[in-house]
Structure formats: structure tokens, C-alpha cells
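Take 0 as the starting number for the sequence shown in numbering that gives the first Met the number 0 and just add one per residue.
Beta carbons: idealized from backbone N, C-alpha and C, even for Gly.
Since the structure is predicted, the reported quantities are computational estimates derived from the model, not experimental observations.
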Amino acid sequence: MDYSSFLRYLNDHIDTSGKSGRHIIRFTHPALFAEFVAQLRGRRRQNPALRRVRTSSLLQALFCPLSFRDAGAWGRFGLLIEEDVRVAVHSAVMPSKEHSTGTPWGVRKIGAPDAWSVSTGNQVRIGVIDTGVDFNHPDLRSSLARGVNLLNKMSLPFDDNGHGTHIAGTIAASGGSKSMMGVAPRSLIYPVKAFDHNGSAYVSDIILGIDWCVQNRMNIINMSFGMKSKSQSLQNTVRRAYNAGIVVVASSGNDKKSKSADYPARYAHTISVGATGRDGRIASFSNHGPRIDIYAPGEKIKSCWLGGGYREMNGTSMATSHVSGSIALLLAYRPGLSPGEIKKWLRRTARPVYAPTSKMKLGAGEVNAARLLRGKPVVASKKPSGKS
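Here is the structure:
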């Protein structure tokens, strides 16, 4: 590969105005990527435009805004190019203000308090790729590690939206009997801020977040967001996290569809999550059907919010945080389980659930933390199945 020509091409076509679309450029050989990164470091001082290029060692890719996309040029360089699209969080937009909750109904419904005599998720590391977190919330102070801010690496991943704080609360709040308790109150949340104040992120930000989680040895990655289009780059990154032994938990979406799920929940290497309501049925807004691996409470879920407060929200985002917390309880109790074994254990110990408007029992059930910890070991298949 002619690195000098490629770097000149990038320098000439990187858009510094912010008006052009962002792209993901994947290398097909690890040695080529390593050499490119070395060359890039040496050229950035002389070529300011190249400072807009970000790289992912996990994906062996670079991300940058391009003013001109010439398909033939990428073929000459032996590279693959993909549009860097937007991703959104999976929850209600306008939550209502609530008071402190104690132990929320969803945490009780999945039997988490009954599991705490066996496991509280002690020291299980959970990367929450989201909008950040409220580091000053009294119920989260003992549950948070530093994490990373991918939008501003000089700052802590402070939450300017609320969604990430809500997710963190359901997973690991540990405020005591008078404040909120999450599913796994002794687990550790590593907030990975990839989403802005509108709850929006680029796929490249998600990829860099997963990359950070792999490098920093997370046990679980919580991804309460989704998109309609498939990204090969994101799928490759999720697969590599799975192969590194990380459990990737993703929300399926709020489109009421019976045979579909958003990406990345649709990828085979994730645990895809749908939402249930207080009545034990699938929530009216939740995607459901064969692409869902497990369900969890996601309707009128109270959790932590900005400014030390609490809010009630709906969404498969909220359901996903219940599942991540349950897996943390399991991993603290049985730390050697692989992602494939955990998915099978979840499904085998789940409580049956029914379709929103009928008595039809669905294939996947609702997570039950107490049964999960009492379950018998399962043998995972060599390859994940059921989704594409």
C-alpha cells in the first residue's frame, strides 16, 4: 500500500467544515492498519486536517468526515468504506419527575432482592455506552468508575441528557433502604459517553466505545440504543467483543414489531432484549418475536435522574438495564461463564411471557434473577444462532 498517496488523498478530501457526511474506512489486513497508524502519527503535525482522523484498533478502521467519496479510490488502496450513520437511544423522550423509589417494581419483579443473599454483582465491570452519568447522584456514588468521554476526552463522561443516568440506576444504584436500589448494587458502572445531549451518536462513536470496553476489560456492555440499518463495521466490532469474552446486551427497539429488532440487537453476538409491563405481558411498544432473546420490565420504570433526582421512563432501554444487572449477579457468582453460556442460561431460567394482545406464549421469556442464580450449568453451541 502506498501510504503517502493515501494520506495525501485523505488530507485533500477531509472536510473540516462539518457539513459533509462521516465515513468508516476499514482495513483488510492488521499489518496494513498498524503501519498506517504509525504513518498518521508522523503526518498530523504537518497536516492539520489529518487530526480529524480517529482510529479503532479493535476494528482496524479509521473514521473521518469526507467532502468527496470516490469508490474507485478506495478500491485502489484496498480498503472498504461505509457511511457513518446516526444511532438513537431506545426510550421515551419526555419522562415525568418522580420521587425516590426504594426498590423499583421492575427490580422486585425479576427477583433481584431474592438473589442478593447469593450475589450482589460484586466488582463485575459494566460498560454503559450511553449519554454519560450523573457522578453526583447519591445513589450512584459508590457504583461508578471513571469511564470515558468520547465526545470530549478532556472531560469526565457527565450526563447532559439523563438517559445514561437512568440506565446506570437500574443496573447498580446502591442508595440503601430509603433510596433506590438497582439490580446489582455492588457492580461497577463504567460510563462510556458516546451520545450527545439529544441522545444521538454516530456508529463510529459506538465502535470506539466498544473498543474502549475491550481494552479496559469490561465483563458486560450495555447498549440501550438502536438503528434500522445494518452496519457491517458495527457487527464486526460486536463480534470481536463477544470473542473477547464480553457479554453484549442490546435493546430491541420500541416499534411494536413482531418479527424484527433494531440493530445492534439483531446481531447474533448480542443478547437482544424486549420489554414487559407490570401485567407480565409484552409491553405495547416493544418489539417481540423470534429475534428477541429475553424480556424484562420496561414500562413505567423509575430510576435515577440528573440533579440527584428520579424519573419514570418507558422503553426497551429500561428492559436492557434489568438484564445487564441480572447478568452481573450471575457473573459475580459464576465468573467463568462465556457469553454463549450466559445467553442459554438466561433463556432456560426465564419466566414465560405472552404476546401483548393474546394468550399466545412466546419463545423467549422474562428474566428472573433468582432463578438465574439457581439454574443448572448449560453447554453453549460453538456459534450463536437465531439472529443475523
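{"Query": "Simplified DSSP state of residue 43, which is helix, strand or coil", "Result": "coil"}
{"Query": "Residues near residue 29 in its chain [Cβ-Cβ closer than 7 Å; skip 5 each side]", "Result": "59"}
{"Query": "Spatial distance of residue 117 from residue 302 (CA atoms)", "Result": "24 Å"}
{"Query": "Local conformation of residue 258 per DSSP, three classes", "Result": "coil"}
{"Query": "Counted within 10 angstroms of its Cβ, other Cβ atoms place residue 276 as buried (16 or more) or exposed", "Result": "buried"}
{"Query": "Rounded C-alpha distance that separates residue 169 from residue 292", "Result": "20 Å"}
{"Query": "Beta carbon of residue 296 nearer than 8 Å to that of residue 321", "Result": "yes"}
{"Query": "Complete runs of the alpha helix (DSSP H) confined to the segment 199-223 [at least 4 residues]", "Result": "202-214"}
{"Query": "Nearest residue (CA-CA) to residue 226, options 133, 191, 255, 265", "Result": "265"}
{"Query": "Contact the segment 336-355 vs the segment 207-215: 3+ CB pairs below 8 Å", "Result": "no"}
{"Query": "Whether residue 25 touches residue 79 by CB criterion (8 Å)", "Result": "yes"}
{"Query": "Unbroken beta strand (DSSP E) run spanning residue 311, endpoints", "Result": "309-312"}
{"Query": "Exposure label - residue 136; buried when at least 16 CB within 10 Å", "Result": "buried"}
{"Query": "Test item: CB-CB of residue 386 and residue 267 under 8 Å", "Result": "yes"}
{"Query": "Cβ-Cβ separation, residue 290 to residue 260 (assumed contact under 8 Å), whole Å", "Result": "4 Å"}
{"Query": "Sequence-distant residues of its chain with Cβ nearer than 6 Å to residue 212 (five each side left out)", "Result": "126, 220"}
{"Query": "Residue 182, DSSP secondary structure in three states", "Result": "coil"}
{"Query": "Sequence-distant residues of its chain with Cβ nearer than 6 Å to residue 106 (five each side left out)", "Result": "182"}
{"Query": "Status (buried if at least 16 other CB within 10 Å, exposed otherwise) for residue 11", "Result": "exposed"}
{"Query": "For residue 240, the nearest candidate out of 339, 325, 187 (CA to CA)", "Result": "339"}
{"Query": "Close Cβ partners of residue 228 (< 8 Å) along its chain, the five nearest in sequence each way excluded", "Result": "84, 262"}
{"Query": "Beta-carbon contacts of residue 52 that lie in its chain and below 6 Å, excluding the five residues immediately before and after", "Result": "61, 63"}
{"Query": "Span of the alpha helix (DSSP H) around residue 305", "Result": "Per DSSP, residue 305 belongs to no alpha helix (DSSP H) and is neither H nor E."}
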